[in-house]
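Read the structure below first, then the notes.
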Amino acid sequence: MRIRIVLACLVIASGAFSADKRQEGAQEKNAFHCNSLIGRGVNLGNALEAPEEGKWGVRLEEEYFDLIAGAGFTSVRIPVRWSEHADVTAPYTIDNAFLARVDWAIKQALSRKLVAIVNIHHYEEIVKAPVEQKERFLALWKQIADHYRDYPNTLYFELLNEPCKKLTNELWNEYADEAIRLIRKSNPTRGIIVGPTSWNNISELKNLKLPRDDKNLIVTFHYYQPFKFTHQGASWVGRQSNAWLGTTWTGTEKQRQDIISHLEQAIQWANENQLPLFMGEFGAYGKADMASRAKWTAFVRSEAEKRGISWAYWEFCAGFGVYDSTQGKWRRELLNSLIPENGTN
Ligand code: BGC
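Quick note on numbering: our numbering labels position 171 of the sequence shown as 470, and the sequence is numbered without any gaps.
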């Protein structure tokens with residue numbers, strides 16, 4: 300426990316300078332504090348955002364939360380496929396048993412002093428037909444927000460994972476604005492996380508327009524560059540990814556500068572808009588070689604921290620896993636890249 304508190308303080312301290320600088324002129328904004336509490340997180344991926352929990356090989360276990368908290372992480376992002384567990388006609392009621400399962404996961408995290416981030420993930424219908432789905436999207440948030448209104452403020456909401464395709468900037472800015480205002484009726488100060496289109500791409504931050512009067516917004520982006528390295532052999536991005544197998548990341552000057560310039564682009568936007576940044580996903584798939592994965596992960600993580608960017612590694616125990624659930628042990632190289640204070644034992 301003491302180790303965890305010390306680590307949490309280290310994380311907050313490591314990001315403190317840049318975050319404080321950005322707070323000038325935005326004194327009453329709580330969002331920077333909320334973001335520092337996220338600190339170092341991990342995604343509980345492939346569980347509750349699979350079509351059914353377990354179908355993608357992961358069922359959440361109580362032990363996972365002990366492991367995560369014990370290793371020094373300070374938050375978990377819990378991706379949730381609500382759309383698969385809610386009626387398709389008004390009033391779009393969420394299935395009670397599924398809601399109870401999400402409650403369980405959130406409580407496991409909060410009871411171990413981990414910040415819990417719950418999102419809407421893999422809502423594939425909305426990126427294909429946004430106009431048709433808008434009412435349902437807002438109805439889901441109305442139910443989620445009402446249900447969690449009395450939960451501790453260390454539960455944060457993230458509006459939608461990776462808006463993309465037909466969910467254009469114009470539509471997304473409108474839907475996000477409406478969702479935020481709706482959530483605020485029941486959760487006036489809860490941390491709300493919002494990211495840009497094009498799969499939460501840094502390059503689209505400039506097109507993200509958020510309500511100026513809300514003091515508890517955190518902006519998220521996902522980082523998987525170079526994509527041919529992080530997604531080599533990843534079947535879900537198409538057959539071409541097999542041709543990328545063998546791509547390494549050794550940390551050449553050019554490779555490092557590319558990452559730095561992407562993060563600088565993000566931070567410049569955040570400074571101009573006085574908003575804190577959360578790198579909600581980053582990771583390299585298990586088909587890349589471990590030495591490259593560990594180096595890339597450590598570099599991206601430390602460059603993010605230098606800039607006061609909180610983060611959540613993608614992900615805990617599936618294809619990118621920092622934890623090997625079949626062997627019941629951490630992948631030490633990855634864990635050390637994420638939580639260096641953890642040592643090499
Ligand atoms: C998706 C995952 C995918 C990961 C990396 C996430 O946003 O939900 O299915 O594995 O990105 O591509």
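For every residue, glycine included, the Cβ atom is placed at its ideal position computed from N, Cα and C.
{"Query": "Tell me whether Asn460, by its Cβ, gets closer than 7 angstroms to a heavy atom of ligand 1.", "Result": "yes"}
{"Query": "Taking the straight line between their C-alpha atoms, what separation do you get for Tyr522 and Gly490?", "Result": "21 angstroms"}
{"Query": "Where DSSP assigns a beta bridge to Phe520, which residues make up the other side?", "Result": "Met578"}
{"Query": "Tell whether a beta-carbon distance below 8 angstroms holds between Glu632 and Ala587.", "Result": "no"}
{"Query": "Report back the beta-carbon spacing between Tyr612 and Leu637 to the nearest angstrom; my notes put them in contact at under 8 angstroms.", "Result": "6 angstroms"}
{"Query": "Using 8 angstroms as the threshold, is the C-beta distance between Arg538 and Phe598 below it?", "Result": "no"}
{"Query": "Using a 10 Å radius around the Cβ and a threshold of 16 neighbouring Cβ atoms, would you call Gly356 buried or exposed?", "Result": "exposed"}
{"Query": "May I ask whether a heavy atom of ligand 1 can be found less than 7 angstroms away from the beta carbon of Trp543?", "Result": "no"}
{"Query": "According to the neighbour-count rule (16 or more other Cβ atoms, all chains shown, within 10 Å of its Cβ), is Gly353 buried or exposed?", "Result": "exposed"}
{"Query": "Check for me: the alpha helix (DSSP H) holding Val430 runs from which residue to which?", "Result": "Pro429 to His446"}
{"Query": "Of all the CB atoms in chain B, is at least one closer than 8 angstroms to the CB of Lys586?", "Result": "No chain B is present in this structure, which holds just one protein chain."}
{"Query": "Let me know the secondary structure DSSP gives Lys484 once reduced to three states.", "Result": "helix"}
{"Query": "Indicate whether Ile377 and Ser609 have their beta-carbon atoms separated by less than 8 angstroms.", "Result": "no"}
{"Query": "Could you name the residues that DSSP lists as bridge partners for Ile393?", "Result": "Ala385"}
{"Query": "Could you compute how far the alpha carbon of Phe577 sits from the alpha carbon of Asn418?", "Result": "14 angstroms"}
{"Query": "For a test of the three-state rule: what should DSSP assign to Ser410, helix, strand or coil?", "Result": "helix"}
{"Query": "Ala583 and Phe619: beta carbons closer than 8 angstroms?", "Result": "yes"}
{"Query": "Suppose contacts are defined by Cβ-Cβ distances below 8 angstroms. Is Gly371 in contact with Glu640 by that definition?", "Result": "yes"}
{"Query": "Any idea what DSSP makes of Asp512, helix, strand or coil?", "Result": "coil"}
{"Query": "Tell me whether the beta-carbon of Arg420 lies closer than 8 angstroms to the beta-carbon of Val379.", "Result": "The amino acid at residue 420 is misidentified as Arg; the sequence shows His. Yes. Within cutoff."}
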